[in-house]
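So the sequence shown is numbered by my numbering: it starts at 3 and just counts up by one. Worksheet for the structure shown next.
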Amino acid sequence: MKVYLETYGCQMNVSDSQKLLTLLAAAGYEAGEDPARADLIIINTCSVRDKPEQKVFSALGRYLPLKKRRPGLVVAVGGCVAQQWGAALQRRCPDLDLVFGTHAIDRVPALVVAVRETRQPAAVTDFREEIPSLDVVPAQPPGAVAAFVTIMQGCDNYCSYCIVPYVRGREYSRTSAAILAEIRALVSRGIKEVTLLGQNVNSYGRRPAGEIGFVELLRRVDGIAGLARLRFTTSHPKDLSPALAAAFGELEHLCPHIHLPLQAGSDAVLRRMGRGYTAAEYLEKVAALRRARPDIALSTDLIVGFPGEKEADFQRTMDLLEEVRYDTVYSFKYSPRPGTRAAALAGQVPDEVKKERLRRLQQRQDEITAANLRALEGSRQEVLVEGPAKKGAGRWVGRTPGNRIVNFSGPAGLLGSLVPVKITRALRHSLQGELD
Ligand code: 5AD
Ligand code: SF4
């Protein structure tokens, strides 16, 4: 039998999809690229930004009619939109067979069997105290060099704009024993780089109690023989401890790169966002990171047009770009999420203003990104070879420790190796080099 799976959103969703495919493979499903030939179609949804419902309903508009031609076909919606809407999705789309929430991934194979046998739709969206799918080990695609390993899920921070705590539930950490065993198994199968994944990795081990903390977890992963590189994402600035900053100077395999979402540069906006830090406190964390590892590369998330954001507030965000000089910035227009505190705030900013601020921000950041890349011209970088380049025969693509993408020519058989590359040219978002 064939399953066709479409995934929207963040890395957490991508990992959930890999887990789904792994569980379904054990139940006799093979992944396929063609929805018209599938026996099971799953849409794994995201509701963090944009207009998620529109996307889901338009996908359902494409896939539900296929049921007429393939009477056995089961169509399912999972992920954050499923969590939020539950059975209400089936009231809008009566042909939708299965709705499963973010804590129900492990139950999907059995639910599909039940739906097929009973011909009754099902919706499972309860939050559970423990999340069994946390320990499902996703199969890696053939030739994978780098892998994501989930260490915790959920978020207790309730930033005022964010839907995640409502759709992913409370923070819940996996045991360190399961995490370390998964990474050892990955390394024995040829994985060289691991990124520890969670909505808020700094909270690792807080719930359930009794586990080691995040820095100790990093230390233990760093000691796994054969692992060449270690990264993690995402970190909340308010929880970035001095010990974690210091770890960048101490752990041999921890790469000099951190994604540290700032969201806004104005203290008044940060307060209304409920972020728990000021711009000065954020800059102090950046300074601590740079003391530990002067070459550390930074990336961030920024929101423009949060309710009440004045031009002067926005200017503070622009100032922070100049002060930090990030390598990469993911920037978004604020978009109200129903049920969050910020959606009800006065002073919603008109879309034209948001658009214009986003444009200015991205324009300036493009220049900074380009300047940071140009500064690497002539340097020698250790590159982990991740695969053949998209363009050009005999070309490879890999990443520097600071997470910059490098394309270069080289002989066959380099996949998965660490090679020295001299950077010859900076492009807009990547580097070109030659083997040194
Ligand atoms: N509007 C715009 N951006 C948002 N993000 C989260 N919620 C919203 C929202 N309501 C952004 C934040 C977060 C990233 C994953 O998505 O910047 O860090
Ligand atoms: Fe959302 Fe804030 Fe939690 Fe990040 S820390 S997932 S922005 S509530």
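The beta-carbon is built from N, C-alpha and C at its ideal position, and this holds for glycine as well. Please read all numbers here as calculations on a predicted model, not as lab measurements.
In angstroms, rounded to a whole number, what distance separates the CA positions of Ile181 and Glu173? Locating residue 181 in the sequence shown gives position 179, where the first residue counts as 1. Locating residue 173 in the sequence shown gives position 171, where the first residue counts as 1. Distance between the alpha carbons of Ile181 and Glu173: 16 Å.
Below 7 Å between beta carbons: does that hold for Gln480 and Pro123? This structure gives no information on residue 480, because the portion of the chain shown stretches from 3 to 438.
Thinking C-beta only, is Leu98 closer than 7 Å to Val114? On the sequence shown, position 112 is the one that residue 114 refers to. On the sequence shown, position 96 is the one that residue 98 refers to. No, they are not a contact pair.
So which of Thr371, Pro422, Leu420 has the shortest CA-CA distance to His431? Sequence index remark: in the sequence shown, residue 431 carries index 429 (1-based). Residue Thr371 is the option with its Cα nearest to His431.
For Thr235, which residues does DSSP report across the bridge? Residue mapping note: residue 235 aligns to position 233 of the sequence shown, counting from 1. DSSP lists Leu199 as partners of Thr235.
Any heavy atom of the ligand SF4 closer than 6 Å to the beta-carbon of Cys164? On the sequence shown, position 162 is the one that residue 164 refers to. Yes, since a heavy atom of the ligand SF4 falls inside the 6 Å radius drawn around the Cβ of Cys164.
Return the residue from the list Ser49, Ser237, Leu256, Gln142 that minimises the CA-CA distance to Ala230. Position 228 of the sequence shown, counting from 1, holds the residue named residue 230. The option with the nearest alpha carbon to Ala230 is Leu256.
For Lys312, count neighbouring C-beta atoms within 10 Å of its own C-beta (all shown protein chains included) and say buried if the count is 16 or more, exposed if not. What you label residue 312 is simply residue 310 of the sequence shown in a count that begins at 1. With fewer than 16 other Cβ atoms within 10 Å, it is exposed.
Any heavy atom of the ligand SF4 closer than 6 Å to the beta-carbon of Pro167? Sequence index remark: in the sequence shown, residue 167 carries index 165 (1-based). Result yes, Cβ under 6 Å from the ligand SF4.
Looking at C-alpha atoms only, which residue of Ala227, Arg72, Gly228 is the closest neighbour of Met3? As a first step, residue 3 is located in the sequence shown; it is residue number 1 there, counting from the start. The shortest C-alpha separation from Met3 is found at Arg72.
Can you name, in chain order, every residue of its own chain whose Cβ lies under 8 Å from the Cβ of Lys392, other than the five neighbours on each side? Numbered from its first residue, the sequence shown carries residue 392 at position 390. Once the five neighbours on either side are set aside, the close Cβ partners of Lys392 are Val399.
Would you call the CB atoms of Val408 and Val423 closer than 7 Å? Position 406 of the sequence shown, counted from the first residue, corresponds to residue 408. Position 421 of the sequence shown, counted from the first residue, corresponds to residue 423. For Val408 and Val423, yes; Cβs fall inside 7 Å.
Spatial neighbours of Gly334 in its chain, beta-carbon cut-off 8 Å, leaving aside the 5 residues before and after: Translated into the one-based positions of the sequence shown, residue 334 becomes position 332. Strictly speaking, residue 334 in this sequence is Phe, with Gly absent from that position. So the list reads Arg51, Asp303, Leu304, Ile305, Val306, Leu360, once near-sequence residues are dropped.
Could you pull the start and end residues of the beta strand (DSSP E) that Asn46 belongs to? Your numbering for residue 46 matches position 44 in the sequence shown. DSSP places Asn46 in the uninterrupted beta strand (DSSP E) bounded by 42-47.
What residue from Ile44, Val138, Asp368, Ile298 has the CA that sits closest to Leu25's CA? Position 23 of the sequence shown, counted from the start, is the residue given in the question as residue 25. Selected option, being the one with the closest Cα: Val138.
Which residue spans inside the segment 276-335 form an unbroken beta strand (DSSP E) run of at least 3? Fully enclosed beta strand (DSSP E) runs of 3 or longer: 299-306, 330-335.
Quick check on Gln56: buried or exposed, where buried means 16 or more other Cβ atoms within 10 Å of its Cβ? Taking the first residue of the sequence shown as 1, we reach residue 56 at position 54. With fewer than 16 Cβ atoms within 10 Å of its Cβ, Gln56 is classed as exposed.
Cβ-heavy atom distance, Ile260 to the ligand 5AD, below 6 Å: Along the sequence shown, read from residue 1 onward, the residue named residue 260 stands at position 258. Checking the Cβ of Ile260 against the ligand 5AD gives no.
Sequence-distant residues of the same chain with beta carbon closer than 8 Å to Leu429, five excluded per side: Numbered from its first residue, the sequence shown carries residue 429 at position 427. These residues qualify, in order along the chain: Leu375.
Among Tyr328, Tyr336, Glu254, Ser135, which has the Cα closest to the Cα of Gly285? The sequence position of residue 285 within the sequence shown is 283, counting from 1. Looking at the sequence provided, one finds Leu at residue 285 rather than Gly. Out of Tyr328, Tyr336, Glu254, Ser135, Tyr328 has the C-alpha closest to the C-alpha of Leu285.
Expressed to the nearest angstrom, what Euclidean distance is found between the alpha-carbon atoms of Gly103 and Gly80? Here the question's residue 103 lines up with position 101 in the sequence shown. Here the question's residue 80 lines up with position 78 in the sequence shown. Rounded to the nearest angstrom, the two C-alpha atoms are 6 Å apart.
Would you please state the rounded distance, in angstroms, between the beta carbons of Gly171 and Gly156? I believe it to be under 8 Å. Stepping through the sequence shown from its first residue, residue 171 is reached at position 169. Stepping through the sequence shown from its first residue, residue 156 is reached at position 154. With a Cβ gap of about 5 Å, Gly171 and Gly156 count as contacting.
Is Val50 near the ligand 5AD, going by C-beta to nearest heavy atom under 6 Å? The count along the sequence shown starts at 1 and reaches residue 50 at position 48. At least one heavy atom of the ligand 5AD is nearer than 6 Å to the Cβ of Val50, so yes.
Answer yes or no: do Arg401 and Leu433 have a C-beta to C-beta separation smaller than 7 Å? Within the sequence shown, numbered from 1, the residue matching residue 401 stands at position 399. Within the sequence shown, numbered from 1, the residue matching residue 433 stands at position 431. No, the pair does not count as a contact, with Cβ atoms beyond the cut-off.
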